[in-house]
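So for the sequence shown, the working numbering puts the first residue at 2; every next one is plus one.
C-beta: ideal position from N, C-alpha, C; glycine also.
As the structure is a computational prediction, the values presented were derived from the model and not from experiment.
The structure under discussion appears below in the form of structure tokens.
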Amino acid sequence: MTGQREAASRVHLPRRFDEALMQPPDARRAGDAALLARLRAWCEEGAFPALTAPLRVASIAPHAALDGVACALDGSHELARLGRWRGLGWRLQILWRERAADGGMQAGRPWDCGWWRAASPGAAEAFRPRRATLLMVREPDAARAAVLLAALRASSAAYARPVRVLIVSAAGMAGVERVG
Numbered sequence: 002m003t004g005q006r007e008a009a010s011r012v013h014l015p016r017r018f019d020e021a022l023m024q025p026p027d028a029r030r031a032g033d034a035a036l037l038a039r040l041r042a043w044c045e046e047g048a049f050p051a052l053t054a055p056l057r058v059a060s061i062a063p064h065a066a067l068d069g070v071a072c073a074l075d076g077s078h079e080l081a082r083l084g085r086w087r088g089l090g091w092r093l094q095i096l097w098r099e100r101a102a103d104g105g106m107q108a109g110r111p112w113d114c115g116w117w118r119a120a121s122p123g124a125a126e127a128f129r130p131r132r133a134t135l136l137m138v139r140e141p142d143a144a145r146a147a148v149l150l151a152a153l154r155a156s157s158a159a160y161a162r163p164v165r166v167l168i169v170s171a172a173g174m175a176g177v178e179r180v181g
């Protein structure tokens, strides 16, 4: 029995979506193809074929389709379309690819996408992306945004996967690229 326990303890299960740092986007929202194309291009720049920009930050005006676009980017809409069993097979293929030599790092593959849980400043310091990640931030006050970005920037040299921070704000932020 102890041999089985030891073997089970050595099995490496895939890490899950980081719910301490972010909450999933609303899967009921519809996407926008043009917005998806713009955000995918921005997210993937410096990420593929080689990771040259572990962390990028931009701002965008509020858009009703952001949740839907995030669900398209993270594969939620595709998973729902496939149904239970085909969806399970698709998810297993993703996990298998992530264990492959390239670590699943190719354009067009699902990203982790979610909204920042503003009450979690320590989670940003501890965050290590399991896959390419888009972290969306709703209209933060400047001080909280600065704390989040400082924590992510301090850790970004250790990121093996790209992290993109998209600040959703009606007004642009000084020194931050504007997307769309």
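Problem - Three-state class that DSSP yields for Asp-113 in the structure shown - result: For the purposes of this step, residue 113 is taken as residue 112 along the sequence shown, with counting starting at 1. It is a strand residue.
Exercise for the section: Report all residues from its chain with a CB closer than 6 Å to the CB of Glu-140; omit the five preceding and five following residues, and keep chain order. Expected result: In the sequence shown, counting from the first residue as 1, residue 140 sits at position 139. Counting only Cβ-Cβ distances below 6 Å, and skipping sequence neighbours, we find Ser-170.
Problem - Three-state class that DSSP yields for Ser-77 in the structure shown - result: In the sequence shown, residue 77 corresponds to position 76, counting from 1. Ser-77: helix per DSSP, three-state reduction.
Exercise for the section: Compute the Euclidean distance between the alpha carbons of Ser-157 and Arg-29, then round it to the nearest angstrom. Expected result: Within the sequence shown, residue 157 is the residue found at index 156, counting from 1. Within the sequence shown, residue 29 is the residue found at index 28, counting from 1. Rounded to the nearest angstrom, the two C-alpha atoms are 32 Å apart.
Practice task
Could you name the residues of the same chain whose beta carbon sits closer than 7 Å to that of Ala-31, not counting the 5 residues immediately before and after it, in chain order?
Solution key: Residue mapping note: residue 31 aligns to position 30 of the sequence shown, counting from 1. Ala-66, Gly-69, listed in sequence order.
Exercise for the section: Report the option in Arg-165, Arg-179, Pro-111, Ala-38 whose CA atom is closest to the CA atom of Arg-129. Expected result: Position 128 of the sequence shown, counting from 1, holds the residue named residue 129. Closest by alpha carbon: Arg-165.
Handout entry: Local conformation of Leu-135 per DSSP, three classes
Key = Residue mapping note: residue 135 aligns to position 134 of the sequence shown, counting from 1. Residue state, collapsed to three classes: strand.
Handout entry: Which of helix, strand or coil DSSP assigns to Ser-60
Key = The residue you call residue 60 lines up with position 59 of the sequence shown. It is a strand residue.
Exercise for the section: Please report how far the alpha carbon of Glu-178 lies from the alpha carbon of Arg-57, in whole angstroms. Expected result: Walking along the sequence shown from the start, residue 178 turns up at place 177. Walking along the sequence shown from the start, residue 57 turns up at place 56. Their backbone Cα atoms lie some 9 Å apart in a straight line.
Exercise for the section: Identify whether Arg-118 lies in helix, strand or coil by the three-state DSSP scheme. Expected result: What you label residue 118 is simply residue 117 of the sequence shown in a count that begins at 1. In this structure, Arg-118 counts as coil in the three-state DSSP scheme.
Practice task
Check whether the Cβ atoms of Ile-61 and Val-180 sit closer than 9 Å, and answer yes or no.
Solution key: For this step, residue 61 is matched to residue 60 along the sequence shown. For this step, residue 180 is matched to residue 179 along the sequence shown. Cβ distance < 9 Å, so Ile-61 and Val-180 count as in contact.
Problem - Boundaries of the alpha helix (DSSP H) in which Val-148 is found, first to last residue - result: By one-based count along the sequence shown, residue 148 stands at place 147. 143-156 is the extent of the alpha helix (DSSP H) around Val-148.
Problem - For Leu-167, the residue or residues it bridges with in DSSP - result: Position 166 of the sequence shown, counting from 1, holds the residue named residue 167. According to DSSP, which records beta bridges pairwise, Leu-167 is partnered with Ala-59, Met-137.
Practice task
Report the residue from Arg-118, Arg-132, Ala-35 whose alpha carbon sits nearest the alpha carbon of Gly-76.
Solution key: As a first step, residue 76 is located in the sequence shown; it is residue number 75 there, counting from the start. Minimum Cα distance to Gly-76 is reached at Arg-132.
Exercise for the section: Return helix, strand or coil for Arg-29, following the three-state DSSP convention. Expected result: As a first step, residue 29 is located in the sequence shown; it is residue number 28 there, counting from the start. Reduced to three states, the DSSP call for Arg-29 is coil.
Practice task
Can you give me the Cβ contacts of Thr-53 inside the same chain, cut-off strictly under 6 Å, excluding the 5 residues immediately before and after it?
Solution key: Residue mapping note: residue 53 aligns to position 52 of the sequence shown, counting from 1. These residues qualify, in order along the chain: Gly-47.
Problem - 8 Å Cβ shell around Glu-7 - same chain, five flanking residues per side excluded - result: Position 6 of the sequence shown, counted from the start, is the residue given in the question as residue 7. Low confidence applies here, because Glu-7 scores a pLDDT of 45, under 50, leaving its location unreliable; read the following figure in that light. No residues qualify anywhere along the chain.
Practice task
If I'm right that Gly-115 touches Pro-26 with Cβ under 8 Å, what's the distance once you round it to whole angstroms?
Solution key: Walking along the sequence shown from the start, residue 115 turns up at place 114. Walking along the sequence shown from the start, residue 26 turns up at place 25. That pair is a contact at about 6 Å.
Practice task
Report, in whole angstroms, the separation of the C-beta atoms of Arg-145 and Ala-119, which I expect to be a contact under 8 Å.
Solution key: Along the sequence shown, read from residue 1 onward, the residue named residue 145 stands at position 144. Along the sequence shown, read from residue 1 onward, the residue named residue 119 stands at position 118. Yes, Arg-145 and Ala-119 are in contact; Cβ-Cβ is about 6 Å, under 8 Å.
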